[in-house]
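For the sequence shown, our numbering gives the first residue as 68, with consecutive numbering after it.
Contents: one structure, followed by commentary.
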Amino acid sequence: MQTKMCTKCGEVKGFEKFHKNKAAKDGLTPRCKSCNTLYQQNEERRASNRRACLKYQKSTKGKARRKRFESRHPNRIKAQHAVQSAIRNRTIQKAFLFKCKYCPKQAQQYHHPRYEPENWLKIEPVCKECHYKCDKDKMKVA
C-alpha cells in the first residue's frame with residue numbers, strides 16, 4: 068500500500084484517504100479527505116472567500132470582465148433581469164417552491180433553455196446540480 072503525509076494533520080495515510088487531483092505531481096490532494104472536509108466546512112474560510120470575490124468584482128479587472136460578459140451575452144442578462152422582475156412583481160413564484168425538473172430535489176434556481184426575448188419567461192425550476200449539468204452537458208430540455 069502506498070502512503071502519503073497530509074500537509075494539515077501531518078499523519079501518514081494510504082492513498083485511498085486522499086482525493087484525486089490531476090494537477091498534482093502524485094495525482095492526489097495535499098490534505099487528506101478528513102482534513103479537507105473540515106477545511107470546506109470552515110465558515111471563516113467561506114466568509115474570507117466571499118470577501119475576496121466581492122473585492123474582485125469591485126476592482127477594475129472584475130468590472131471589465133463583467134462588462135465583457137454582458138457585451139457578449141446581452142440576451143442572457145436581459146432574460147435574468149426579466150425573471151428577477153417577474154418574481155418581484157409576483158408574476159412567477161420563487162424557484163424554491165418547486166421540485167427540480169430533472170431530479171426529486173427541491174429547486175433552487177431557474178434555467179433558461181433559450182435566451183430569445185420571446186422565451187425569457189419560459190423557464191424551468193432546477194436544483195444547482197442539475198442547472199450546472201444543463202449548462203455544461205447541454206441536457207435535453209423540452
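From the three backbone atoms N, C-alpha and C, an ideal C-beta is built for every residue, glycine too.
Limits of the beta strand (DSSP E) - the one that residue i falls within
| i | result |
| --- | --- |
| tyrosine 177 | 176-178 |
| threonine 70 | 70-72 |
| lysine 80 | 79-81 |
For residue i, the nearest candidate out of the options (CA to CA)
| i | options | result |
| --- | --- | --- |
| glutamate 191 | Phe85, Glu110 and Gln175 | Gln175 |
| tyrosine 177 | Ala119, Glu83, Phe82 and Lys161 | Lys161 |
| leucine 188 | Pro171, Tyr169 and Thr158 | Thr158 |
| proline 97 | Lys80, Val150 and Gln124 | Lys80 |
| glutamate 196 | Cys170, Asn109, Pro180 and His179 | Cys170 |
| histidine 44 | Ile154, Phe163 and Gln147 | This structure cannot settle anything about residue 44, because the visible part of the chain is limited to 68 through 209. |
| valine 150 | Glu185, Lys125 and Lys134 | Glu185 |
Contact under 8 Å by Cβ, residue i with residue j
| i | j | result |
| --- | --- | --- |
| tyrosine 199 | arginine 143 | no |
| glutamine 173 | cysteine 194 | yes |
| glutamine 85 | glutamine 69 | It is phenylalanine, not glutamine, that sits at residue 85 in the sequence shown. No, the pair does not count as a contact, with Cβ atoms beyond the cut-off. |
| tyrosine 106 | arginine 113 | no |
| cysteine 102 | lysine 75 | yes |
| glycine 94 | lysine 100 | no |
Beta-bridge pairing of residue i - partner residues as DSSP gives them
| i | result |
| --- | --- |
| leucine 95 | Lys87 |
| glutamate 191 | His178 |
| lysine 166 | Gln173 |
As assigned by DSSP and simplified to three states, the class of residue i
| i | result |
| --- | --- |
| proline 141 | helix |
| threonine 158 | coil |
| cysteine 76 | coil |
| glutamate 183 | coil |
| alanine 153 | helix |
Host alpha helix (DSSP H) of residue i (start-end)
| i | result |
| --- | --- |
| glutamate 110 | 110-125 |
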